[in-house]
Amino acid sequence: MYNLVVILMGLVCFSFILKQTWHKTWSILLHAGIAALFTGVMYPLAIEQSRSHISEWMSDTGLMLDVSVVITLEVIIQMSFCLLSAHLLNSGRLKKSTVMTYRFLRWFPGLLILPVLFSILVSAIFSFPGVPFALTAWGLAATVFAATAGIALALRWLLPEKETRLELLFLANVLIEIIAIVVTVNGKTAVEGTGAVEWTSLFRVLALIASGWFAGLLIERFFRPVFSKQK
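To convert, take the position in the sequence shown, counting from 1, and add 491; that gives our numbering.
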């Protein structure tokens, strides 16, 4: 489980840094500075944590399920940015509301990076017990600033095609959601086998699939030609 948490944190950091490649250099430096400032000023709270306290959080099923909901919401936002960006790249004239939504999604860096940075700060404080807390925190803050800005600029240079970066960002968030589900359910995915068939539930699932298929058929048959004519 610990390894999955580390992988999840790494994917969150990668998604955050990759998202910065859609910004100009001054904006990348601004976001990197905010992340570094958060890391530095949070050390008074970080020194109050303990490994046993963190373990209690990880074993709290209710808290983990709440965390899963938060992660899912952020993943939806980041995926919406990817889909809307792809739409903008392949469309002509756009509505003002669409452009404003894109700008909001582009400037939204994500909130998951904050607990990840806090967790890294707590781990750094435990790893250097003889070093002053402030020195450890602000040294880590400088590392966060340099890593965020440097890797973002390097990715933008190595991957100049926006389509490639969109695919990477989308896939990274898919992996974040999959791993988050495994981590946050706290082992509750295992269910006891049964030979009984829940016919009511099966009927509801089939009805939901059929209604979705029928709605898609109606959209394809009646609404798509209207949208094509408007363009």
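Think of the CB as a built atom: it goes at the ideal place given N, C-alpha and C, for glycine as much as any other residue. On a predicted model such as this, the values are computed, not experimentally measured, just so you know.
Does the beta-carbon of residue i have 16 or more other beta-carbons within 10 angstroms, so that it is buried, or is it exposed?
i	result
S588	exposed
I710	exposed
S576	buried
R647	buried
I670	buried
P726	Outside the shown range of the chain, which is 492 to 722, sits residue 726, and nothing can be said about it.
T627	buried
R712	exposed
P651	exposed
P600	buried
A637	exposed
F572	buried
By DSSP, does residue i sit in helix, in strand, or in coil?
i	result
K587	helix
V622	coil
P723	A question about residue 723 goes unanswered here, because the residues of the chain that appear run from 492 up to 722.
M500	helix
E652	coil
N581	coil
G601	coil
Q569	helix
E539	coil
Any heavy atom of the ligand ZN within a distance shorter than 7 Å of the CB on residue i?
i	result
F617	As for the ligand ZN, it is missing from this structure, which has no ligand bound.
Should residue i be flagged as near chain C, meaning a C-beta pair shorter than 8 Å?
i	result
L709	In the structure shown, chain C does not exist; there is a single protein chain.
Between the options, which has its C-alpha nearest residue i's C-alpha?
i	options	result
I642	R695, L602, L520 and I498	L520
P606	T530, I568 and N581	T530
H522	M500, Y593 and L644	L644
S559	W704, I672, W690 and I700	I672
L564	V665, W690, A701 and S692	V665
S506	E668, W517, F619 and A625	E668
L659	N494, G621, L509 and Y534	L509
V613	H514, L631 and T639	L631
S610	L502, S692 and A537	A537
A526	V497, L502 and L608	L608
I568	R695, G707, E539 and L603	L603
With residue i as the anchor, note down where its alpha helix (DSSP H) starts and where it stops.
i	result
I700	W690 to L709
Exercise. What are the complete alpha helix (DSSP H) segments, minimum 4 residues, inside the segment 508-537?
Worked result: Complete alpha helix (DSSP H) runs here, min 4: 516-532 and 534-537.
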